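Here the sequence shown stands for residues 1 to 364, where the numbers follow full-length UniProt numbering. Below you'll find the structure, written out as structure tokens, and then a few comments.
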Amino acid sequence: MKIGINTLFLIPNKVGGSETYSRGLIKALYEYDKKNEYVIFCNKENYNTFDNKYNRILVPINATNRFVRIVAEQLIFPIYLYLNKIDVVYSLGYTSPFFTTCKAIVNIFDLNWYYHPEDFGFFQKLILKFFVTHSANFADAITTSSFSSKKSIKEKLNIKKPVEVMYMGMPLMNKPISKNSLLKLGVRMPYIFSLTAAYPHKNVLGLLNIFKSIIDRGHKINLVIAGLGWRSENEMKQFIKKNKLNRNVKILSYVDNGTLSALYKYAKLFLFASFYEGFGIPLLECFHFGVPIISSNAFSLKEVLGNGGVSINPHDQKIFVREIEKSLVDKEYLNALKIKSTERVKGFDWEKSVKIFINLLGKI
């Protein structure tokens, strides 16, 4: 079969974990599926970011305007599918064309617009609700990244068709930059690391409150936060200034893969306080480097973390503080967390997900 992979949503370095997942899955499909032919449909922003070894077709749209991109996905993209004789279109970024001459599978990572509408503007929320819901209804099948998301998709969107969970395999991590290079970026050792985005549901202010309690108790530790900035960014900066944490907290915003690898490698531990995650890719990146994890147990995070670290209700900051303190003063406990993190790697394999996808093709 000839399968078109829809990456029109993907703006390099701007869509967070969905980009990490999509690039890893595309690489795995090419590596493990030798029977089907894959064609990647790209936008202007991401076309040159895919290696020449992939069969790429440029759909000449700018994805930075989400509304224009979604309209083009509905009106222009189906023509490209027809002209290129695509048998199945696999749309990786929440939405897909409603009407096509081929079969359609859409990947819906989560329903963040449903559970956390405060993260979105009024019209943005309406657009997402309409197009994600109708993409799910018109598609022949749906994939998602966790069983928690599968359950919510079936219940909240009233879906009866196949919904398959395709876990992410180990992320594509580059060689870490040196410790000296981190120091030049303003990172102070030792540090707790968190990779997140400044959305309300990411609970960054809760993260900062937890860290403030650690500092107030006399621990000499720093906090490094990397990720994408957005709605809560000003509140974060105000909190840091008000509580005189400028010397202890370093915000790096987006970092390249080599820098990210180093931030994991040299971290004392990883802290995740999110209220909602459709998967939780930073946990897998921690498993890759064997970083001790103290994480929220919200939504899919408990499922993904398993026995790979400490899992805590994100509203219970006292337990977060207790576990962080224990890891900072008890070397044996910290080492045990490292071992748990390293062993959890075994639960995530791209080849298994590719087999699930191939079986799904057979179903539709």
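C-beta: ideal position from N, C-alpha, C; glycine also. Given the structure is predicted, the values throughout are model-derived calculations rather than measurements.
DSSP places Y254 in the coil class of the three-state scheme, outside both helix and strand. Taking a cut-off of 8 Å on C-beta distances, the stretch 261-268 does not touch the stretch 96-111, as fewer than three cross pairs fall below it. With a cut-off of 8 Å on Cβ pairs, the stretch 206-221 is not in contact with the stretch 167-183, counting fewer than three such pairs. Collapsing the DSSP output to three states places R23 in a helix. With contacts defined as CB atoms closer than 8 Å, G227 and L195 qualify as a contacting pair. Taken through DSSP and simplified to helix, strand or coil, N46 comes out as coil. The C-alpha of I225 lies about 31 Å from the C-alpha of S91. Nearest Cα to G16 within the set I294, D256, L83: D256.
Under DSSP, F41 takes part in a beta bridge, and its partners are N6, I57. Exposure of N48 is indicated by the presence of fewer than 16 other C-beta atoms within 10 angstroms of its C-beta. DSSP, reduced to helix, strand and coil, places Y266 outside both helices and strands of the structure shown, so it counts as coil. When the beta-carbon positions are compared, C42 and I57 come within less than 8 Å of each other. The Cβ-Cβ distance between L29 and Y21 does not fall below 8 Å. For I312, the uninterrupted beta strand (DSSP E) run begins and ends at 310-312, by DSSP. The beta carbon of T342 sits closer than 6 Å to those of G290, all from its chain and outside the five residues before and after it, given in chain order. Under the three-state reduction of DSSP, V354 is assigned to helix. Only buried fits R344, as 16 or more other CB atoms lie within 10 angstroms of its CB. Here the alpha carbons of A141 and S135 stand approximately 10 Å from one another.
By a beta-carbon distance limit of 8 Å, A267 contacts I192. Their separation comes to about 7 Å.
The Cβ atoms of H288 and M166 do not sit closer than 8 Å to each other. Separation of F9 and K220 (C-alpha to C-alpha, rounded to the nearest whole angstrom) is 43 Å. The Cβ atoms of F98 and F138 lie closer than 8 Å to each other. In this model, V187 and S353 are separated by some 37 Å (Cα to Cα). E351 and K250 have their alpha carbons spaced roughly 37 Å apart.
Residues A273, S274, F275, P314 of the same chain have their beta carbon placed closer than 6 Å to that of N203, with the five preceding and five following residues left out of the count. For K241 and S149, the gap between their C-alpha atoms comes out near 37 Å. The alpha carbon of K302 has as its nearest neighbour, out of E277, E235, I324, F320, the alpha carbon of E277.
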